[in-house]
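Q: Top to bottom, those sequences are chains U and W.
First residue of the first sequence? That's 5 in my numbering, and the numbers climb one at a time after it.
First residue of the second sequence? That's 1320 in my numbering, and the numbers climb one at a time after it.
Yeah, the Cβ is synthetic: ideal placement off N, Cα and C, and Gly gets one too.
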Amino acid sequence: MIGVELVKLVRRPRTWAAIGLLCLLPAVVAVFLATTRISPPPGQGAAFLSAVLQSGSLYPAAALALVLPIFLPVAVAVVAGDAVAGESSQGTLRYLLVRPVRRTALLVAKLVAVVVFVVGAVLAVVSTSYVVGVTLFGAGDPVAVVRALPEVTGDDGGVAGTGSGQQPASGPAGGQVGSSDAASGGAADARPGADTGDTTAVDPEAARERAQSSVSSLSGEALSPTDLAARLLGAMGYVVVSMLGVAAIALFLSTLTASSLGATLGALAALITSQVLVSLDAAASVTPYLPTRYWLAWIDFFRDPIFLRDITAGLWLQAGYVVVLMLAAWANFTTKDVTS
Amino acid sequence: MIETRRLTKRYGSRAAVDDVDLHVAEGARYGFLGPNGSGKTTMVRMLLGLVYATRGEIEVLGRTVPARVSEVLPEIGAMVEGPAAYPHLSGRTNLALLDASGPRRDRDGRRRRDRIEEVLERVGMGAIDRRPVRTYSLGMRQRLGLAGALLNRPRLLILDEPTNGLDPHGIREVRDLLLELNAAGTTVFLSSHLLAEIEALCTDVGVVDRGRLVLEDALDAVRGPTGRLLVRTPDPEAAVRVLGRAVAERDGETLVVDATTGGPPALARHLVEHGVPLDGLAEQRRSLEDVVVALTGPGSDAARTPAGRRSRQGSTPTGELDPMSQGFRR
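(1) So residue 58 of chain U contacts chain W; which residues on that side make the cut at Cβ distance below 7 Å?
(2) Buried or exposed: where does residue 1456 of chain W fall if 16 or more other Cβ atoms within 10 Å of its Cβ makes it buried?
(3) Looking at residue 1477 of chain W and residue 1366 of chain W, is the spacing between their C-beta atoms short of 8 Å?
(4) Please report the distance separating the alpha-carbon of residue 1334 of chain W from that of residue 1354 of chain W.
(5) Buried or exposed: which applies to residue 197 of chain U, given that a residue is buried once 16 or more other Cβ atoms fall within 10 Å of its Cβ?
(6) Mind the definition here: the stretch 135 to 145 of chain U touches the stretch 74 to 92 of chain U only if three or more C-beta pairs lie below 8 Å; say whether that holds.
(7) Mind checking the stretch 10 to 36 of chain U against chain W and listing, in chain order, the residues whose C-beta falls within less than 8 Å of any C-beta there?
(8) Using beta-carbon positions only, say whether residue 1583 of chain W and residue 1600 of chain W come within less than 8 Å of one another.
(9) Spatial neighbours of residue 302 of chain U within its chain, please: C-beta separation below 6 Å, excluding the five flanking residues on both sides.
(10) Report the residue from U/13, U/85, U/112 whose alpha carbon sits nearest the alpha carbon of residue 268 of chain U.
(11) Closer than 7 Å by C-beta to residue 1472 of chain W: which residues in its own chain qualify, once you throw out the five before and the five after it? Chain order, please.
(12) With a threshold of 8 Å, are at least 3 pairs of Cβ atoms found where one atom belongs to the stretch 1429 to 1442 of chain W and the other to the stretch 1400 to 1415 of chain W?
(13) Keeping to the same chain, check which residues put their C-beta closer than 7 Å to that of residue 1321 of chain W; ignore five residues upstream and five downstream.
(14) Mind checking which residues open and close the beta strand (DSSP E) that includes residue 1526 of chain W?
(15) Output the distance between the C-alpha atoms of residue 69 of chain U and residue 53 of chain U, rounded to the nearest integer angstrom.
(16) State the DSSP-derived secondary structure class of residue 114 of chain U, mapped to helix, strand or coil.
(17) What is the rounded straight-line gap between the Cα of residue 1653 of chain W and the Cα of residue 40 of chain U?
(18) Does DSSP put residue 191 of chain U in a helix, a strand or coil?
(19) What do you reckon, are the CB atoms on residue 106 of chain U and residue 1399 of chain W nearer than 8 Å?
(20) Give the interface partners of residue 1532 of chain W over in chain U, defined as CB-CB distance under 7 Å, in chain order.
(21) Along the stretch 80 to 105 of chain U, what residues have a CB closer than 7 Å to any CB found in chain W?
(22) Grouping DSSP H, G and I as helix and E and B as strand, with all else coil, what is residue 1330 of chain W?
(23) Nearest chain U C-beta to residue 1349 of chain W closer than 8 Å, yes or no?
(24) Got a sec: is the Cβ-Cβ distance from residue 338 of chain U to anything in chain W below 8 Å?
(25) State the CB to CB distance for the pair residue 1505 of chain W and residue 1474 of chain W, rounded to an integer number of angstroms; the pair is presumed to be in contact (CB under 8 Å).
(26) What are the residues that DSSP puts in a beta bridge with residue 1510 of chain W?
(27) According to DSSP, simplified to helix, strand and coil, what is residue 1573 of chain W?
(28) Considering only heavy atoms of the ligand ADP, does any lie closer than 7 Å to the CB of residue 74 of chain U?
(29) Can you tell me whether residue 1470 of chain W is buried or exposed, with buried defined as 16 or more other CB within 10 angstroms of its CB?
(30) For residue 1324 of chain W, list the residues DSSP reports as bridge partners.
(31) Helix, strand or coil: which one does DSSP assign to residue 246 of chain U?
(32) Report the start-end ranges of each beta strand (DSSP E) in the stretch 1400 to 1484 of chain W that is 3 residues or longer and not cut off at the edges.
(33) Which of the three DSSP states, helix, strand or coil, is assigned to residue 1338 of chain W?
(34) Does the CB of residue 249 of chain U have a neighbour CB from chain W at under 8 Å?
(35) Does any residue of chain W bring its CB to less than 8 Å from the CB of residue 333 of chain U?
(36) Quick check on residue 161 of chain U: buried or exposed, where buried means 16 or more other Cβ atoms within 10 Å of its Cβ?
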């Protein structure tokens, strides 16, 4: 059954359209950057974008930052939301079930197909953007990776929040901290009000420490290509896992309704709600459990040393979402009347 | 083959299928007849384990459904509520995907391809090209659906409105195909709102009306003689003069005559002796239509819905009645 689902995925023009569009956005951005040579000013644009002019081999990371907030979740939600609801509205679901395909087996096959799509999409984005980056900016020397990164505040959710605060290499350490904080949408010191409710995320003490460590690694050594590749691989894996959370939401909704559009939009609505709440200080008590809370933690793979706390938390959180939602989807799908 | 006991499916307070005891014998061609919205499709879905019953038991091929439905389904070919296929793929690819989704046995690629070609041939689509299903006519989709139902050489065919969208030629072909399969031992369970289709094909008939099974019998028993004769004559005036009171109804050149002693031969002799020319003479049989209308008519309806809450809309199949069933047949 899994093979059949993969064939369906591959033979579906939509799959390739989605992946094509995902690869197109970073390419367009790269062309603009390469022709104008104007890098985004500090604090604006996606993470890594300011650094890519020096090193094209960093461009895959910048591309991930570009597609992660909207494009990738939308693509995943479309594919996963359509998984069961699409078969249902097309009427093919009943023919699969009387073929017979066991409902659990069908759900598992759908999940596997969605995972394959997510992995494929991320791989496609990374590989095309590597080619684009190296072609347009040259391989360069991905030296000061950490300098291109925003502060670890953890609670900036949207595109704007991912702003990078690149500083001149000669900049004083103190200035680096300050502008990074401002750029990343307010770090610990800038917003003490939010800190009380969310000690794990925005502990002022920890934030200061992190800022210190970030500064101390400013002298950052050049990343060897293998090191960069390993970090990139880690980041890709993390992004895939983050997207599996999205897929689980959409797949669960997909078993509830016969409308793929409904399932897709429902999943996106859940994500937007999560994004809004993550950036809302008043919702600090629930932020650690929101699906998008640790989405940006993949950036931590490029810190020196790799900052694992948010990554680990994010992996656990997504695993929780996937397990709970897939169980719910299974419980619902195996007991429901198929009337479409 | 199929047996249900007190089968009931409720959606909220509405009973889509209400206390149905169905009996389909092995080798039968069973026509499940009822107007649209009378619970036919829900019934079919329950037999296939797609919809779970609120109450009652189902046994298909000797096994309980839905508990052991996965053992039963490999021996069933089904078409439920119209055909469905992936529109961007060709008919052949659709069948291949459906086939590959099936149980693990028969995974051999060559036999699979042969099997697909065979069922396509059977439904008269052996020569289809690689056009996507999106471009198919409803009739072609219907044939494709039928081909899918035949993939696992079923012992039992459960078909919901299989001739929908087919032209008269196609209807005849499908009917011949079903007869052929039935002769080879396949039991056919056919649900339809078309009286003519059931009359032309089935050996047994079950009539459902608003979720209840109001009749289940052999078709021949249902369509028993009425005790009247149909007389067709170019000179109806003369016939009426000769037969007098015996003429019950008159419609153009056709008279409905109360049977006399001696049956048709005696009547024929009588008429000819009195110089009345005869075009035809036949026993009048109850048509399935008469029976169905009587069973699902307003009388029974008024008795069953006291407050008149439920609308009568769509509960009589008059729109689909076979206009030929009154005349001379066979």
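A: In this structure, then:
(1) Numbered from 1 along the first sequence, position 54 holds the residue referred to as residue 58 of chain U. Here the premise fails: no neighbours, minimum Cβ distance about 45 Å.
(2) Residue numbering aside, residue 1456 of chain W sits at position 137 when the second sequence is read from its first letter. Classification of residue 1456 of chain W: exposed, given that the 10 Å Cβ count is below 16.
(3) Here residue 1366 of chain W refers to the residue found at position 47 of the second sequence. Here residue 1477 of chain W refers to the residue found at position 158 of the second sequence. Result yes, Cβ atoms of residue 1366 of chain W and residue 1477 of chain W sit closer than 8 Å.
(4) As a first step, residue 1334 of chain W must be located in the second sequence, where it is residue number 15. As a first step, residue 1354 of chain W must be located in the second sequence, where it is residue number 35. Approximately 16 Å between the Cα atoms of the pair.
(5) Position 193 of the first sequence, counted from the first residue, corresponds to residue 197 of chain U. Reliability of the predicted coordinates at residue 197 of chain U is poor, the pLDDT of 40 falling under 50, and the value obtained from them is presented with this limitation in mind. Result: exposed.
(6) no
(7) 11, 12, 15, 16, 17
(8) Your numbering for residue 1583 of chain W matches position 264 in the second sequence. Your numbering for residue 1600 of chain W matches position 281 in the second sequence. A contact, by the Cβ cut-off of 8 Å.
(9) The residue labelled residue 302 of chain U in the question sits at position 298 within the first sequence. Around residue 302 of chain U: 239, 242, 243.
(10) Taking the first sequence and counting its residues from 1, one reaches residue 268 of chain U at position 264. Measuring from the Cα of residue 268 of chain U, the nearest candidate turns out to be U/85.
(11) If you number the second sequence from 1, residue 1472 of chain W lands on position 153. Cβ neighbours of residue 1472 of chain W beyond the five flanking positions: none.
(12) yes
(13) Within the second sequence, residue 1321 of chain W is the residue found at index 2, counting from 1. Once the five neighbours on either side are set aside, the close Cβ partners of residue 1321 of chain W are 1341, 1343, 1366, 1379, 1508.
(14) Start at 1 with the first residue of the second sequence, and residue 1526 of chain W comes out as number 207. Looking at the DSSP string, the run of the beta strand (DSSP E) that includes residue 1526 of chain W is 1523 to 1528.
(15) Start at 1 with the first residue of the first sequence, and residue 69 of chain U comes out as number 65. Start at 1 with the first residue of the first sequence, and residue 53 of chain U comes out as number 49. Each residue's Cα considered, the two are about 9 Å apart.
(16) Taking the first sequence and counting its residues from 1, the one referred to as residue 114 of chain U is at position 110. Helix.
(17) Since the first residue shown for chain W is 1320 and the last is 1649, residue 1653 of chain W is missing from the structure and cannot be characterised.
(18) Working through the first sequence from its first residue, we reach residue 191 of chain U at position 187. Caution applies to residue 191 of chain U, whose pLDDT of 36 falls short of 50 and renders its modelled position unreliable; the value that the coordinates give is listed next. Coil.
(19) Indexing the first sequence from 1 puts residue 106 of chain U at position 102. Indexing the second sequence from 1 puts residue 1399 of chain W at position 80. No, Cβ-Cβ distance for residue 106 of chain U and residue 1399 of chain W is not below 8 Å.
(20) For the purposes of this step, residue 1532 of chain W is identified with residue 213 of the second sequence, where counting begins at 1. None at all; the shortest Cβ gap to chain U is about 21 Å.
(21) 94, 95, 96, 98, 99, 100, 101, 102, 103, 104, 105
(22) Here residue 1330 of chain W refers to the residue found at position 11 of the second sequence. Residue 1330 of chain W falls in the strand class under three-state DSSP.
(23) Position 30 of the second sequence, counted from the start, is the residue given in the question as residue 1349 of chain W. Not closer than 8 Å to any Cβ of chain U, the Cβ of residue 1349 of chain W fails to qualify, so no.
(24) For the purposes of this step, residue 338 of chain U is taken as residue 334 along the first sequence, with counting starting at 1. Taking Cβ atoms only, chain W never reaches closer than 8 Å to residue 338 of chain U, which makes this a no.
(25) For the purposes of this step, residue 1505 of chain W is taken as residue 186 along the second sequence, with counting starting at 1. For the purposes of this step, residue 1474 of chain W is taken as residue 155 along the second sequence, with counting starting at 1. Between residue 1474 of chain W and residue 1505 of chain W the Cβ distance is about 6 Å, and since that is below 8 Å, they are a contact.
(26) Here residue 1510 of chain W is taken as the residue at index 191 of the second sequence, counted from 1. In DSSP, residue 1510 of chain W forms a bridge with W/1351, W/1479.
(27) For the purposes of this step, residue 1573 of chain W is identified with residue 254 of the second sequence, where counting begins at 1. Three-state DSSP puts residue 1573 of chain W in a strand.
(28) As for the ligand ADP, it is missing from this structure, which has no ligand bound.
(29) In the second sequence, residue 1470 of chain W corresponds to position 151, counting from 1. Result: buried.
(30) As a first step, residue 1324 of chain W is located in the second sequence; it is residue number 5 there, counting from the start. Residue 1324 of chain W is bridged to W/1376.
(31) Start at 1 with the first residue of the first sequence, and residue 246 of chain U comes out as number 242. Helix.
(32) 1475 to 1479
(33) Within the second sequence, numbered from 1, the residue matching residue 1338 of chain W stands at position 19. Strand.
(34) Position 245 of the first sequence, counting from 1, holds the residue named residue 249 of chain U. By this cut-off, residue 249 of chain U is not an interface position.
(35) Within the first sequence, numbered from 1, the residue matching residue 333 of chain U stands at position 329. By this cut-off, residue 333 of chain U is not an interface position.
(36) Locating residue 161 of chain U in the first sequence gives position 157, counting from the first residue. The pLDDT assigned to residue 161 of chain U is 38, lower than 50, so where the model puts this residue is not dependable, and the model offers no usable value.
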